[in-house]
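Read the structure below first, then the notes.
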């Protein structure tokens, strides 16, 4: 076959690995209209078991893509954590109840749903937004990867070359995961998780089995798991170590008299080890079971052949004693040795990137794995998409390692500490120095809960985040551009105080506001969709005050000037909100204000074909049916004077300033976007279609 | 072809017509596992225009089927109604704002979504729940219908014979609906309403084109619209009359300076007629426009050929003056003459039933058409399903006409009144007796809003609804069985006062309660799924009070006795909750009570394969994230003593009593269900698997 011509092709983005992390990257490409391919060596999806806790932040992200509601509906909702510890008599008892999600943190709470369903939501979402252009190509194996260093600084080049091989059906089918016997049909009443045929969501190229092809890519993202082929091809390492703690995992339908089997439970037995209960959908419960009697050998590795469901379940029964537990149906089981590792480098020349398990591993119990992995590519995807489209400067890509490696480092540090507390024997009394204090464990759990929400992430200063302080210390230590955006501690404090509830570097929190045009309440985050657009949020304050109205008018006039960043960021002929969308929240009474006459046209641009835009101006006012969001109060913004906030495409707060700080705002976008000349947009409100008060209208 | 054998087959239920009303009937059959077919003579679905307002009650019903969330997400939400009237100068101005849905009425509010999407949700739902068994058969025309009167009282018989003909593609394609030019692609940014291919949701039998077949059915439901073939086949009439009022309808994307174009508006101009604005999804707005210059001819019919989009839109522009309105894109338009008609008879021998437009027509503006039609079959479907399965007595079918014809009568009476007020010229002043008082119009609108929520429906006394009063007066005047359930005015007042917030005959209102086992908040209505089961809701009161606990224990012991209605209604070998589900709401503090030890096993039955049932006991307590539902307070139930409430499969309150009223409860079910001997159920808690305190457990 040596003489056969190997087909070659170009693609903007090649994604290797179609787990949640790779699918998230593909979703960004679909939502941003970027030409991309996603390949996976596995021939089929994994259907049961696997990571499945979903953090609040992951649900917020799903909502930005459009499918949080599906996960929310099908999942089991975890509401309360019960802590069980030995009493003086050594018998376990419930010692504490705490809310599973810290109250008020997010509009979502943590839920549990199997990974297969989440992958399904991604596949359908990618199909829809890419208009059938991006489909997972299963049974496709990367064989070589080369970066042409002479081209890495050329925006138009495809410097990464990957050779792919299309596997045959047998090659693509992984050895069967160890599994207990399947339950008989009819055991479940629920039919929530009917898996439809996925044929139209993937692209299995059996016709090309055995063939190879060469792909030239602008960017490659390696999301290929803990044994990442991409990482090895780059020669990158993971730093960290394994522990002696070995845990088993079982997904069963329990038959038990343990009272809290439908709660998330952390159970420390006196002498038999620890257990975590994670109730799941469809009557299933996941048990994480410490295996005290299985220890690593001299090489530091546990002999997995000695680990059986009988041994694992026996350990669970001992820990739960005197309560009884049994099962007829086991969906899946496995065992693992706790260890924490993080990659030394997350990218090569800002052209090839690693994400997810490929660059960090830790305990599954932390409920973080899938979440942090998806959040890696939620951070990376829009940056690559905007760079590939020529909208953003390629330099912003260096913020990926700075922002996400730091998150991984924080995560494994927490996991290291928490694993030891959870795997340790509970202290008998205050004198028992070798035992774990249950008070300390509870405190760690509460802290971990904040951490595990995904909402404690705070990105450091860079060209994308304007805040004071040392960007090296705030990130992972790697260098990032700050260009024009450096700011003094004192100046920053002033700016931050304009919106004290919106810390720069953290995700834009969500409160309810009303659409000015139709009075419908929205969680404001629902308006921050993952479409690759930056947002300028104008807190317009009290628009009925003449002085404030003058400030707003002046801000809008500058925004609407031909040389403004808004016009310069918009490609010629494109709608004015194509790259940067301006959203307004004002604080006057809704019924005392009118969209068309009280707000400058640039805040609700006219499209000559479809009329005014009725979805950009909101008000912080009482709703008829859903209460008062108190957005100004919760965002910490002055109701009279307001302020201006820039939000990144991934919903992180990027910049805060006064309505007069237009020069700084201009500089922010000059620092991260590729700005053109401006002044020639499809619905250019300086042009013939300007209608300040909505009284002049185009005629058919 | 005369010698070809015509194929014959039996089916439990044959549904004629696949609009929302027919699809609702099919959904019941799918959810209840009844063998059914649904045929429609049209070869394709109608894609644009058509009725599209959804009442709160319709959304509650969709939720009981499992797809309210999809409608809620895609629809436009109508929040506020603005009334516009001429001022003293004759110029229209906004005179009032009222909430579109009365605050606190339902957990849903009224929304707008095109019928095509709603039909799509039904098709997918029917496919899922019928496990692909029920699919709409398009291009199938009924040709004859016969009822064998000698068999109508035989439960096992198939007394209705319908001859069906399978049409060719051309025969099944209706003449194109009059339509303005389509907008070009790319006009919309939203891709919410991407219509996927529906091939797998319907069954087009082109292979059988031209063939005929004979179907023998136990029951036939005619949902075939205003010109119902079924109605004509039965020889039934509609009573009522047309008016002189002619209205046009247009779905456009408006370009306008009218301030309230995204609100629902009722506009009375001084001299140019009236207009209603209904904002829709995807920037569309529906305008209902009175055509004052088009009048009926001598025959009472308007000449539709004179009605053009130009004339209709010209009328709208005059009414809205001095505001300007224009459009480039029109999705659909039509015109109609207001008239109100209702069928004299809704069924033939309790074997063939008519529903929806086949038995009532009225103004589309009332926003009722599709809703009332769907609610007809939501009322009828479960009755037929349970009768066909031998679970319910066939006599309950006579409540369909009594309950729904009364609703239709009330509807056309309201519409008659409202249409005149809306189509009338506004009064110039209080002396202008011929003009319509705008105050009176507003009052009618507010009253109509209650009516239009679908929540004012109050079914009369029958064997399904135990209340005092004259069943003839409470219904449509037709006779219904009351059997053992008659109750005096005085006795009924006492019973009703046990749950004053749950009026017998009205739908079971919804408030949030927490699952005792996992603390998750649920709107209680979410637990009343449309699966054909009756529910006994035990308000257990304060279970921590010993006297009350004794009452609950006694009630449960009776419930669990072999001769109880619960055991007798359950088929041998079936789970104890197959026909009647017992749900509990208690009022003690959640954290002071334990599911397994404080509540008798019958309230959370054990399944030896899958453990205890953790989804039947709820508590009226504060949640962590979603406030306090105050269910006892809102249902008007005593927190200490509780009560017992029976809920029909369609969520209507059927019976209220004390915990001691078990004899009456038994009689209720004897009156409507076919009861067996009882005492031999799959998870019979009297049997070997009884575990009062959850301490004895079956061993694998």
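Residue numbers (UniProt numbering), protein chains in the order written: chain Z, 1 to 700; chain P, 1 to 700.
Note that beta-carbon positions come from the ideal geometry of N, C-alpha and C, so glycine has one too.
Taking just the CA atoms, how far does residue j sit from residue i?
| i | j | result |
| --- | --- | --- |
| residue 546 (chain Z) | residue 323 (chain P) | 26 Å |
| residue 643 (chain Z) | residue 660 (chain Z) | 9 Å |
| residue 452 (chain Z) | residue 58 (chain Z) | 11 Å |
| residue 16 (chain Z) | residue 135 (chain P) | 40 Å |
| residue 126 (chain Z) | residue 117 (chain Z) | 14 Å |
| residue 154 (chain Z) | residue 354 (chain Z) | 21 Å |
| residue 646 (chain P) | residue 262 (chain P) | 42 Å |
| residue 229 (chain P) | residue 28 (chain P) | 23 Å |
| residue 591 (chain Z) | residue 632 (chain Z) | 18 Å |
| residue 11 (chain P) | residue 218 (chain P) | 7 Å |
| residue 220 (chain P) | residue 351 (chain P) | 6 Å |
| residue 536 (chain Z) | residue 565 (chain Z) | 11 Å |
| residue 68 (chain Z) | residue 124 (chain Z) | 13 Å |
| residue 302 (chain P) | residue 109 (chain Z) | 58 Å |
| residue 187 (chain P) | residue 418 (chain P) | Residue placement at residue 187 (chain P) cannot be trusted, given a pLDDT of 31 that sits under 50; what the coordinates show is reported in the next sentence. Their Cα atoms are separated by approximately 37 Å. |
| residue 232 (chain Z) | residue 156 (chain Z) | 27 Å |
| residue 128 (chain P) | residue 357 (chain P) | 27 Å |
Note the first and the last residue of the continuous alpha helix (DSSP H) segment covering residue i.
| i | result |
| --- | --- |
| residue 22 (chain P) | 20-32 |
| residue 83 (chain P) | Where residue 83 (chain P) is concerned, there is no enclosing alpha helix (DSSP H), although the beta strand (DSSP E) it sits in stretches over 80-86. |
| residue 671 (chain P) | 662-672 |
| residue 170 (chain P) | 169-172 |
| residue 474 (chain Z) | 471-474 |
| residue 294 (chain Z) | Unbroken run through residue 294 (chain Z): none, as it is neither H nor E. |
| residue 62 (chain Z) | 56-65 |
| residue 234 (chain P) | 229-234 |
For the beta strand (DSSP E) that residue i lies in, which residues bound it at each end?
| i | result |
| --- | --- |
| residue 677 (chain Z) | From DSSP, residue 677 (chain Z) is part of no beta strand (DSSP E); its letter is neither H nor E. |
| residue 126 (chain Z) | Residue 126 (chain Z) -> not in any beta strand (DSSP E); alpha helix (DSSP H) instead, spanning 115-129. |
| residue 512 (chain Z) | 512-515 |
| residue 144 (chain Z) | 140-147 |
| residue 274 (chain P) | 274-279 |
| residue 163 (chain Z) | 160-166 |
| residue 656 (chain P) | 653-657 |
| residue 405 (chain Z) | Taken as a continuous stretch (DSSP letters only), residue 405 (chain Z) belongs to no beta strand (DSSP E), being part of the alpha helix (DSSP H) at 399-423. |
What are the partner residues of residue i, as DSSP defines its beta bridges?
| i | result |
| --- | --- |
| residue 535 (chain Z) | Z:581 and Z:647 |
| residue 522 (chain P) | P:513 |
| residue 36 (chain P) | P:13 |
| residue 256 (chain P) | P:325 |
Any alpha helix (DSSP H) of 4 or more consecutive residues that is wholly inside the region 302-372 of chain P: 309-320
Alpha helix (DSSP H) runs wholly inside the region 534-608 of chain P, at least 4 long, in chain order: 546-559, 565-569 and 595-598
Runs of beta strand (DSSP E) wholly within the region 200-224 of chain P (minimum 3 residues, chain order): 202-204 and 212-222
Cβ-based contacts, 7 Å cut-off: residues of the region 607-618 of chain P near chain Z: 609, 610, 611 and 614
The region 515-533 of chain Z: positions lying closer than 7 Å to chain P by Cβ: 517, 518, 519 and 520
Chain Z contacts from the region 252-267 of chain P (Cβ-Cβ distance under 7 Å): 253, 254, 255, 256, 257, 259, 262 and 263
Cβ-based contacts, 8 Å cut-off: residues of the region 571-591 of chain P near chain Z: 591
Chain Z contacts from the region 287-312 of chain P (Cβ-Cβ distance under 8 Å): Residues of the region 287-312 of chain P with a C-beta atom less than 8 Å from some C-beta of chain Z do not occur.
Where the region 86-103 of chain P meets chain Z: residues whose CB sits under 9 Å from a CB there: Residues 97, 99, 100, 101 and 103.
Contact list for the region 66-82 of chain Z against chain P, Cβ threshold 7 Å: The region 66-82 of chain Z vs chain P, Cβ under 7 Å: 69, 73, 77, 79 and 80.
Every unbroken alpha helix (DSSP H) within the region 442-502 of chain P, with a cutoff of 4 residues, ordered by chain: 471-474 and 489-497
Interfacial residues, the region 109-124 of chain P to chain Z, with Cβ spacing under 8 Å: 109
Members of the region 490-511 of chain Z near chain P, C-beta cut-off 9 Å: Residues of the region 490-511 of chain Z with a C-beta atom less than 9 Å from some C-beta of chain P do not occur.
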